[in-house]
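Under numbering that gives the first Met the number 0, the first residue of the sequence shown is numbered 0, with each subsequent residue one higher. The C-beta atom is built at its ideal place from N, Cα and C for all residues, glycine as well. Only a predicted model underlies this, so the values are computations on that prediction, with no experimental measurement involved. One structure is given below, encoded as structure tokens.
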Amino acid sequence: MSERRRTPRPTRRYPWLRPGGANRADAAPHPAPAPPGPPHGEQRTAADGTPREPDERSVVDAAVYRDGRRVGTPGTLAATYRRLREETGAMAWIGLYRPSETELLSLAAEFDLHKLAIEDAMEAHQRPKLERYGETLFVVLRAARYLDALEEVDFGELHVFVGPDFVITVRHGAAPDLSAVRARMESTPELLALGPEAVLYAILDAAVDGYAPVVAGVQNDIDEIETEVFRGDPEASRRIYELSREMVEFQRATRPLVGMLHGLMAGFDKYGTDEELQRYLRDVADHVTHTSERVDGFRFALTDILAVNATLVTQQQNAEMRALAEAGFEQNEEVKKISAWAAILFAPTLVGTIYGMNFTHMPELDWVWGYPFAVALMAVVCVSLYIIFKRKDWL
0 MSERRRTPRP
10 TRRYPWLRPG
20 GANRADAAPH
30 PAPAPPGPPH
40 GEQRTAADGT
50 PREPDERSVV
60 DAAVYRDGRR
70 VGTPGTLAAT
80 YRRLREETGA
90 MAWIGLYRPS
100 ETELLSLAAE
110 FDLHKLAIED
120 AMEAHQRPKL
130 ERYGETLFVV
140 LRAARYLDAL
150 EEVDFGELHV
160 FVGPDFVITV
170 RHGAAPDLSA
180 VRARMESTPE
190 LLALGPEAVL
200 YAILDAAVDG
210 YAPVVAGVQN
220 DIDEIETEVF
230 RGDPEASRRI
240 YELSREMVEF
250 QRATRPLVGM
260 LHGLMAGFDK
270 YGTDEELQRY
280 LRDVADHVTH
290 TSERVDGFRF
300 ALTDILAVNA
310 TLVTQQQNAE
320 MRALAEAGFE
330 QNEEVKKISA
340 WAAILFAPTL
350 VGTIYGMNFT
360 HMPELDWVWG
370 YPFAVALMAV
380 VCVSLYIIFK
390 RKDWL
């Protein structure tokens with residue numbers, strides 16, 4: 000996309016932009032409810048330190064550049080439009096954080112942004128993609144960051160409009176840190192002087208570089224999960240499931256980027272992309288491909304770990320059931336032994352009890368061999384029962 004001399008834009012009258020016949024592009028938009036605050040550390044004031052207007056509270060930074068150097072920091076969108084019209088060969092870079100519908104419609108009217116792209120930027124929750132509407136590129140990125148304290152991946156969404164003389168970024172999350180991207184580009188004016196495509200490269204590069212800490216954090220989580228699985232930690236299954244869901248989201252964020260960057264590279268000759276930028280974008284494409292392959296590897300690894308965990312859990316359950324069965328068998332053996340000895344001891348008790356009854360007319364009471372007979376009877380019964388139980392392996 001080559002730079003062109005900026006001329007005042009006529010007021011465009013699109014019914015979908017101005018429901019009631021509407022206002023001019025450079026007029027102040029109607030007040031809108033305050034959007035959520037930006038991440039910590041980003042500015043909420045204009046360059047002169049004065050608070051922004053109520054309808055400009057989502058404007059993180061708006062600047063006009065010429066030859067790679069900042070020549071103006073307007074305080075409002077309308078002022079940015081005017082300054083861009085006044086500067087020959089200039090470029091505007093407008094950063095927004097969860098903007099209101101009024102602000103997006105104002106930008107659409109001023110820069111002739113397509114209706115579908117504006118609707119996507121309003122609704123968010125879009126898949127990564129690259130669309131070209133005339134001279135304007137619309138790029139959707141899913142940035143990611145690893146939260147060490149929670150051991151989880153947080154995803155953000157970034158929409159980028161790239162035109163012949165403007166770049167508009169619309170963020171719906173904390174990542175990526177575009178203030179660092181802007182500082183990097185302003186510190187290298189020779190790169191920034193290459194125009195909006197250079198800014199797009201820097202944003203893509205920042206988003207892709209942001210994946211590296213996530214990859215490292217996920218790799219560490221997988222190593223910990225493997226240890227937990229072989230240690231028999233009952234929480235391992237839950238961690239595997241949660242991390243698998245995060246990897247699905249990570250895959251959705253990285254895999255489309257490969258095709259997007261190859262699409263950009265395919266248009267190098269057609270759109271006259273600077274050779275230096277071509278090298279930078281190829282480097283970003285290599286990093287994206289590497290990250291996408293790592294994420295695919297993580298998903299396969301988690302699938303294997305889940306299968307191993309299921310096998311180990313099954314083995315553990317089988318071992319526990321076997322131990323219970325063995326314990327039950329041993330308990331049955333003890334019960335049989337106790338029962339056998341109880342039966343053996345019961346026989347002499349029965350005989351003794353009978354002969355212990357004090358009846359006058361009882362047989363064998365006056366018999367000389369009565370006592371030896373009773374003792375012999377007890378011995379015979381006990382020995383017989385012992386032999387029987389021994390043969391049945393009860394003793």
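Close Cβ partners of residue i (< 7 Å) along its chain, the five nearest in sequence each way excluded
i: G48; result: Low confidence applies to G48: its pLDDT is 44, below 50, so where it sits in the model is not reliable, and the reading given next is rough at best. Counting only Cβ-Cβ distances below 7 Å, and skipping sequence neighbours, we find nothing.
i: I337; result: none
i: A339; result: F388, W393 and L394
i: P18; result: Its pLDDT being 33, under 50, P18 is placed unreliably by the model, and the measurement read from it follows with that caveat. Hits under 7 Å: none found.
i: K335; result: W393
i: Y354; result: A373
i: H286; result: V207
i: S57; result: P34, L95, Y96, R97, P98, S99 and E102
i: H261; result: A284
Option nearest residue i by Cα separation, candidates the options
i: T87; options: L76, L103, P73 and V63; result: V63
i: V83; options: Y354, P163, A235 and V217; result: Contrary to the premise, residue 83 reads as Leu rather than Val in this sequence. The residue with the shortest Cα to Cα distance from L83 is P163.
i: N331; options: A174, D392 and A206; result: D392
i: T168; options: D147, T187, A206 and A148; result: A206
i: A123; options: G271, Y279, R97 and E319; result: R97
i: V217; options: G351, A300, A174 and A339; result: A300
i: N308; options: A378, S236 and S383; result: S236
i: G351; options: M377, V367 and D365; result: M377
i: V380; options: M264, P362 and L349; result: L349
i: R281; options: D204, A341, Y270 and A342; result: D204
i: F154; options: R251, E329 and P195; result: R251
i: R183; options: G194, H171, G172 and V198; result: V198
i: F165; options: R390, P371 and G67; result: G67
i: L384; options: Y354, A342 and F372; result: A342
i: G172; options: A179, H158 and R181; result: H158
i: D220; options: E292, L149, L115 and H286; result: L149
i: A306; options: E225, P347 and A324; result: E225
i: D176; options: G296, G369 and L95; result: L95
i: V374; options: P362, D365, A346 and P212; result: A346
i: A395; options: Y240, H113, D208 and D273; result: Any property of residue 395 remains undetermined from this structure, which presents the chain solely from 0 to 394.
i: E292; options: L190, T253, H113 and Y370; result: T253
i: M121; options: G296, S99, G262 and H286; result: S99
i: A174; options: A322, V294 and P212; result: P212
i: L140; options: E325, V367, L190 and D208; result: D208
i: D222; options: V247, E189, G271 and F297; result: F297
Rounded Cβ spacing between residue i and residue j (contact assumed at less than 8 Å)
i: V257; j: T302; result: Not confirmed; about 22 Å, so no contact.
i: E185; j: R65; result: At roughly 13 Å, the Cβ-Cβ gap does not stay under 8 Å, so E185 and R65 are not in contact.
i: T290; j: V214; result: 6 Å
i: A143; j: Y210; result: 6 Å
i: L276; j: Y200; result: 6 Å
i: E151; j: E245; result: 6 Å
i: M90; j: G194; result: 6 Å
i: V138; j: L146; result: No, V138 and L146 are not in contact; Cβ-Cβ is about 25 Å, not under 8 Å.
i: F160; j: L115; result: In fact, because the Cβ distance is near 12 Å, the residues do not count as touching under 8 Å.
i: F397; j: V294; result: One cannot answer for residue 397 here, as it falls past the ends of the chain, which runs 0 to 394.
Nonlocal neighbours in the same chain, by C-beta distance under 6 Å from residue i, ignoring five residues either side
i: A61; result: P73, T79 and I93
i: R131; result: none
i: I117; result: L103 and A107
i: P255; result: P127
i: D119; result: Q125
i: E227; result: A235
i: R170; result: Y96 and L157
One or two residues paired with residue i in a DSSP bridge
i: G155; result: A142
i: G94; result: D60 and T168
i: F160; result: F137 and I167
i: R237; result: According to DSSP, which records beta bridges pairwise, R237 is partnered with nothing at all.
i: R65; result: R68 and A89
Under the three-state DSSP convention, the category residue i falls into
i: G71; result: strand
i: A89; result: strand
i: A378; result: helix
i: R390; result: helix
i: P135; result: In the sequence as presented, Pro is not what sits at residue 135; that position holds Thr. Reduced to three states, the DSSP call for T135 is strand.
i: L129; result: strand
i: L149; result: coil
i: T79; result: helix
i: H124; result: coil
i: T226; result: helix
7 Å Cβ cutoff, residue i in contact with chain D
i: E329; result: The displayed structure is made up of one protein chain only, and chain D is not part of it.
Close-in-space but distant-in-sequence residues of the same chain around residue i (CB under 8 Å, 5 per side omitted)
i: G231; result: L311 and Q315
i: M264; result: Q277, L280, R281 and A284
i: I386; result: none
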